[in-house]
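All remarks here apply to the structure that follows.
Protein chains: 2
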Amino acid sequence: MTPIIKLKQGMPPGHEIPNVVLDRMGFLLNRSAQKFREVTEEALRPHGLTGKHVGLMVLIRERGALPQQEIGKCLHVDRTTMVAFVDDLERLGLVERKAHPDDRRAHAIELTPKGKDLLPKALQLGMAAERKFLSALPPADRKTLGRILKRLVLHHHLQEAQQAR
Amino acid sequence: MTPIIKLKQGMPPGHEIPNVVLDRMGFLLNRSAQKFREVTEEALRPHGLTGKHVGLMVLIRERGALPQQEIGKCLHVDRTTMVAFVDDLERLGLVERKAHPDDRRAHAIELTPKGKDLLPKALQLGMAAERKFLSALPPADRKTLGRILKRLVLHHHLQEAQQAR
DNA sequence: TGCTGATAATCAGTATTACTGACGATCTCA
DNA sequence: TGAGATCGTCAGTAATACTGATTATCAGCA
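Those sequence lines, one after another, are chains W and L. So for the first sequence, this note's numbering puts the first residue at 1039; every next one is plus one. So for the second sequence, this note's numbering puts the first residue at 1039; every next one is plus one.
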């Protein structure tokens, strides 16, 4: 009953993915996220940044200087991982650990002038990568995808916050 | 100009994610994939499996026994990673490395009777986890999400195959 | 037929990543 | 003032994926 093995027919070098695999949401999500990371990291490599670094910078541009763990809770980054993460950006001169005005244990992570300068360009590169990544989709689907994922992520974020009480 | 830092207002334990972050496709995809993995792995842990293991088993149930690297090309798993990957399943008695009928270098990875037995149950657990993961979405959105991601993944898969020539 | 270059699986070593647990300093609150 | 929680840090650990080398085998060509 064990089916026969096919090897090296005139097959094109792209190995077909059967539907049983393509219909598994886990495969689709992981594969998409992985590919997205590839595209983004390639675009940002010249600046020594990853998508997560840019995400951090955008976050503090929007919300103002934040303690590391606050950032971590938004971005789902562990407190210990945040250390190295901020180290990277500080080494690049893009953010600074300032003294937190209300809490001497905490740092206030701030954008430096250089960081404020670079961020728009980094964002632009990131957006270009995103467009490239989504280029196979009709524009309506791109918006839809964002909308659905946003809802999903928000739901899980709130749920986790609730049960963390 | 640097904005003021907020710490411990009467905030609920869930830290709000600002829209600048929530609108970044990379964040949404990575976060979704990560959460999905969590949910799935929790469901499959009693059997010592991950979603990828189940994916492998489904693939060879569908396509028949395959060499390791063929599996890897479908699932985007490196040839060296496949070794440990198949080791896992073999240790659990779910697949077997048989001799490949046409190529003595290659293995033919086959489901064992035990593997064929367990697979439906594992799939069921995986599907339940997927439902749980998607529970925040209206059914129409679940289908839409699958459709869009499938298109996206397929596009990149074909594109990579093409430029690998 | 025999040789050359490619390929399958494996292994050792490496880099990356994230996490656990412990620490000192500091905060909060009773 | 004292107890317990919290912030950032670090050392150690585990998981993961990859590079390069190795062995066995294959495919094609002279």
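The C-beta atom is built at its ideal place from N, Cα and C for all residues, glycine as well. Computed from a predicted model, the values in this text were never measured in an experiment.
Exposure label - A1178(W); buried when at least 16 CB within 10 Å = exposed
request  = Could you list the residues in the segment 1076-1098 of chain W with a C-beta less than 7 Å from some C-beta on chain L, going in chain order?
outcome  = T1078, G1089, G1093, V1096 and L1097
request  = Closer than 7 Å by beta-carbon distance: list the chain L residues that pair up with T1150(W), in chain order.
outcome  = Near T1150(W) there are no residues of chain L at all, since even the closest Cβ is about 11 Å away, more than 7 Å.
task = Taking all protein chains shown into account, decide if G1086(L) is buried (16 or more other Cβ within 10 angstroms of its Cβ) or exposed.
result = exposed
query = Taking a cut of 8 Å between CB atoms, which residues from the segment 1156-1169 of chain L lie near chain W?
reply = G1164 and E1168
ask   = What span of residues does the beta strand (DSSP E) with A1137(W) cover, start to end?
value = V1133 to A1137
query = Looking at chain W, which residues of the segment 1060-1074 of chain L have a Cβ within less than 8 Å of any of its Cβ atoms?
reply = L1060, D1061, R1062, M1063, G1064, F1065, L1066, L1067, N1068, R1069, S1070, A1071, Q1072, K1073 and F1074
ask   = Do the CB positions of L1097(L) and S1070(W) come within less than 8 Å of each other?
value = no
ask   = Which residue from N1068(L), K1090(L), P1056(L) and K1073(L) puts its Cα closest to that of E1198(W)?
value = K1073(L)
key: Buried or exposed (CB count within 10 angstroms, at least 16 for buried), K1046(W)   = Residue confidence is low: K1046(W) scores 30 on pLDDT, short of 50, so the model does not pin down where it sits. No coordinate-derived value is stated.
message = Do V1124(W) and Q1106(W) count as a contact pair if the criterion is CB distance below 8 Å?
response = yes
request  = Taking A1137(W) as the query, report the chain L residues whose CB atoms sit under 8 Å from its CB, ordered along the chain.
outcome  = Going along chain L, no residue has its Cβ under 8 Å from A1137(W), so there is no contact; the nearest lies around 11 Å.
ask   = Taking N1057(L) as the reference, which of Q1200(W), K1188(W), H1194(W) and H1195(W) has the closest Cα?
value = K1188(W)
query = How would you write the range of the beta strand (DSSP E) that A1146(W) sits in, first residue to last?
reply = H1145 to L1149
request  = Kindly say whether H1053(L), judged by its beta-carbon, lies nearer than 8 Å to any beta-carbon of chain W.
outcome  = yes
request  = Under the assumption that D1127(W) contacts V1133(W) (Cβ atoms under 8 Å), give the Cβ distance between them as a whole number of angstroms.
outcome  = Here residue 1127(W) turns out to be Leu, not Asp, going by the sequence shown. That pair is a contact at about 4 Å.
inquiry  = Using C-beta distances below 8 Å, list every residue in its chain close to L1183(L), excluding the 5 sequence neighbours before and after it, in chain order.
reply    = L1172 and L1175
key: CB contact flag (A1103(L), A1166(L), <8 Å)   = no
inquiry  = Mapping the DSSP letters down to three states, classify L1175(L) as helix, strand or coil.
reply    = coil
inquiry  = Here's the rule I'm using: 16 or more other beta-carbon atoms within 10 Å means buried, otherwise exposed. How should A1160(W) be labelled?
reply    = buried
ask   = Whose CA, out of H1194(W), A1144(W) and G1164(W), lies closest to the CA of E1108(W)?
value = A1144(W)
message = Can you check whether the C-beta of P1177(W) is within less than 8 Å of a C-beta belonging to chain L?
response = no
query = What is the DSSP secondary structure of L1130(L), reduced to helix, strand or coil?
reply = coil
request  = Go through its chain and collect everything with a Cβ distance to P1051(L)'s Cβ below 6 Å, but skip five positions before and after it.
outcome  = Confidence in P1051(L) is poor, its pLDDT being 42 and thus under 50, which makes the residue's placement too unreliable to answer from.
ask   = Which residue comes first and which comes last in the alpha helix (DSSP H) that contains V1115(L)?
value = No alpha helix (DSSP H) contains V1115(L), which DSSP labels as neither H nor E.
ask   = Taking only beta-carbon atoms, is E1108(W) less than 8 Å away from chain L?
value = yes
inquiry  = Considering just the uninterrupted stretch of the alpha helix (DSSP H) at L1094(L), what are its terminal residues?
reply    = G1089 to R1101
inquiry  = In the DSSP assignment, the alpha helix (DSSP H) including G1064(L) goes from what residue to what residue?
reply    = M1063 to L1082
query = DSSP beta-bridge partners for L1163(W)?
reply = DSSP lists no partner for L1163(W).
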